[in-house]
RNA sequence: GGUCGUGUAGCUCAGUUGGUUAGAGCGCUUGAUUCACAUUCAUGAGGUCGCAGGUUCGACUCCUGCCACGACCACCA
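Numbering (this note's numbering), first residue to last: 107 to 843.
Pasting the structure below:
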């Protein structure tokens, strides 16, 4: 053996050795299954993924305990995320998604993803991950689509899926709807305009409303005041005129109006404000959409038609001022606006037909299950987080207006006499056309041409909605156009536990054991997985959930590209070895806490790696050439074995409780400061037998193996400590005698 | 504004049902070295355990209040 452990010369060799022995395939025994949270297909390894070491430790430990341990990896298509990255590349070439029909764009993104995919698995192998790579699957694989379609169909039949117009958070920039979860709030300072609305029967008198969005007055359908507000008591039911366009709207009362704010009178714009949408629904007021999906005004005064919102606002203000409608302006008004979590642009609340999942019953099922600890959370506090989230969770919009994803398997029947389907398509000359299908058909455009160049279909919902068919393939009984919306990524990845296992494995491996992931996707993902699992299989997807809060640098600051403090785990592996990295991720990182990744810490653990190597080398040298008659007194050996038993029990019980950091610390401390500093010194002084030390080494290598697989297996192979067990990875876990 | 959580050494965190001098890793001090390991060993410094009360023979631990920070939720046009 070399005097110093050089990870570079061992790690690659050992990993190839395991693979050649098919060491990651499940053996016989009680099944133990972990599903890897699928990383983005085109991602490369970052510090967050390195924490999957948690899974690897558990799998390796259970494998050694004699379980049929299986760790199934996968890749996620990550719809919105990926399309965002792709479109950024497109714009560098001066192009946009509008230059392509749906299918071509999809194919191009698919190529783009394929080019970059799989790299992350190779990087995970460098960390020593013992997943069954041959079972890896991708969220766009056929069998995944099959399951997702079936679930959708079943939910539709069971009445959990509905289509409705709804006020959604629409990002004009990215061209898609965002779920509430994807929305960020940002503080802004904007002018607050006080605008006079004259009374219809007496234009010299008026009621004043306050708004930061004067351009939306053309979509107003009412002015609301609080019923308890004495100032407006006599005005209720009266009509006022909208400035500039002089449309009549009523004054209504609603308790949600804050008497203290502004003038106490609120303009109601249901098509472009979530609160107003609710109020309008309550009072059965229709809504008037004045902004289209490109963020341009469609109604109002002629000067603003076709203009973008920001411009329209300025023009509107100017006109209002000219006609003296503005009572005053509060220039320093601080309020919060909703922005897109991805591109940070301000969102436009917009009314749009969408597919929804009715969640009330389903979420109560999840809540019951979580409350009853059918799924346990480590640390426990996340149980409360989950329940609190379920309480406020409302219907889930699952359609996304992006191409990169699983197309919602719905077909709209084209009725050539109805104006209920609106399309965007590239004609045979690659020119973008948009309008009613009926009108195109009347002009002699063939439905095939529309379908071929199709970018987007928007079918109205409600009473005049077209007939629909739920089917993967195009129905043949007439003219149909496909739904172009795709599923929210979480709709498919929420079914991850249902698609990863083979049919027969649902008998043996379901529910799976544990899911380890970053706590910020508790709501997005974990809640949905439990939901789909209960709905489809009447069973939880996993028994335990292990969470960590975030990955931070040495100073405890969250790693992010914008802060420039990102540490690439691969660099640390190059420098100090995978074992050192793994150990430093575990040491001092209890469930739920921050994961600190710093060069200093990893270096410290590299020292430990070397310590293990050297101690093993020293013990084996002495054991192979024991000095005659120098075996120490057996009483001291007995004390040694007793302590060794205690360590075995302690490490095992900590692992059982998912106290991975405590287990790591126990084995680290005892190996270094007891076994090396005390016991080896004793043996040198003939106070302990080399035989006992050799047994101890055997035990420590096994206890260390889940945490530091490479160095331990290297030693095992070099020293051939046990003839019965050729691979440390498959050896038996030490039990206290 | 609401809910939950956190506050222990310079940093990140342990501290089990209240019980002697409160611990670890990294960092820092000083020293050792022909010794398996300078990738080592030993040693030391550093904590009013957020603040103020209370319960108790005894509180980092239990209770109350306050302060600070964080997460999530809801957000007033």
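C-beta atoms are modelled at their ideal positions from N, C-alpha and C, and glycine is treated no differently.
The structure presented is a predicted model; accordingly, all values stated were derived computationally and were not measured.
query, result
"Taking only three categories from DSSP, how would you classify residue 648?", "strand"
"In chain order, what are the residue ranges of uninterrupted alpha helix (DSSP H) at least 4 long that sit wholly in the stretch 731-787?", "740-762, 766-775"
"Taking only the alpha-carbon atoms, compute the straight-line gap between residue 496 and residue 557 and give it to the nearest angstrom.", "40 Å"
"Would you mind working out which of 240, 505, 434, 640 sits nearest residue 471, comparing C-alpha positions?", "640"
"Could you give the first and the last residue of the continuous beta strand (DSSP E) run that contains residue 314?", "312-317"
"What are the partner residues of residue 517, as DSSP defines its beta bridges?", "575, 588"
"Can you confirm whether the stretch 357-370 touches the stretch 239-250 when touching is taken to mean that 3 or more C-beta pairs between the two stretches lie within less than 8 Å?", "no"
"Alpha carbons only, please: which of 346, 276, 531 is nearest the one belonging to residue 379?", "276"
"Count Cβ pairs between the stretch 139-155 and the stretch 219-235 that sit closer than 8 Å; are there 3 or more?", "yes"
"Taking only runs of the alpha helix (DSSP H) that begin and end inside the stretch 465-492, which ones reach a length of at least 4 residues, in chain order?", "466-477"
"So does the stretch 766-778 actually touch the stretch 673-687, counting three or more Cβ pairs closer than 8 Å?", "no"
"Does the count of Cβ pairs from the stretch 821-837 and the stretch 712-730 closer than 8 Å reach three?", "yes"
"Please classify residue 741 as buried or exposed, where buried requires at least 16 other C-beta atoms within 10 Å of its C-beta.", "exposed"
"By how many angstroms is the C-alpha of residue 385 removed from the C-alpha of residue 268?", "22 Å"
"So within the stretch 490-567, which uninterrupted alpha helix (DSSP H) runs reach at least 4 residues, ignoring any that extend past its ends?", "543-548, 553-558"
"For the pair the stretch 609-625 and the stretch 654-667, tell me if three or more CB-CB distances fall below 8 Å.", "yes"
"With residue 116 as the anchor, note down where its alpha helix (DSSP H) starts and where it stops.", "113-126"
"Where residue 490 and residue 757 are concerned, what is the direct C-alpha to C-alpha distance, given to the nearest angstrom?", "29 Å"
"Could you work out which residue in 801, 451, 324 is closest to residue 396 when comparing CA atoms only?", "324"
"Between residue 274 and residue 351, what straight-line distance do the alpha-carbon atoms span, to the nearest angstrom?", "27 Å"
"Would you list the residues sitting across from residue 452 in a DSSP beta bridge?", "445"
"With a Cβ-Cβ cutoff of 8 Å, do residue 689 and residue 711 count as a contact?", "yes"
"Measure the C-alpha to C-alpha separation of residue 513 and residue 118 and round it to an integer number of angstroms.", "41 Å"
"Mind checking residue 735: buried by the 16 CB within 10 Å criterion, or exposed?", "Caution applies to residue 735, whose pLDDT of 48 falls short of 50 and renders its modelled position unreliable; the value that the coordinates give is listed next. So residue 735 counts as exposed."
"If the criterion is Cβ atoms closer than 8 Å, does the pair residue 171 and residue 839 meet it?", "yes"
"Within 10 Å of its beta-carbon, does residue 124 have 16 or more other beta-carbons around it, so buried, or fewer, so exposed?", "buried"
"Would you tell me roughly how many angstroms separate the C-alpha atoms of residue 834 and residue 809, rounded to the nearest one?", "11 Å"
"Count the other CB atoms within 10 Å of the CB of residue 343; is the residue buried (16 or more) or exposed (fewer)?", "exposed"
"So does residue 137 have its beta carbon nearer than 7 Å to some heavy atom of the ligand PLP?", "Among the components of this structure there are no ligands whatsoever, and the ligand PLP is therefore not found."
"If you follow the beta strand (DSSP E) that residue 271 is part of, which residue opens it and which one closes it?", "267-277"
"Buried or exposed: which applies to residue 337, given that a residue is buried once 16 or more other Cβ atoms fall within 10 Å of its Cβ?", "exposed"
"Just the C-alpha distance for residue 306 and residue 346, rounded to the nearest angstrom, thanks.", "5 Å"
"Quick check: the Cα distance between residue 294 and residue 444, rounded to an integer number of angstroms?", "10 Å"
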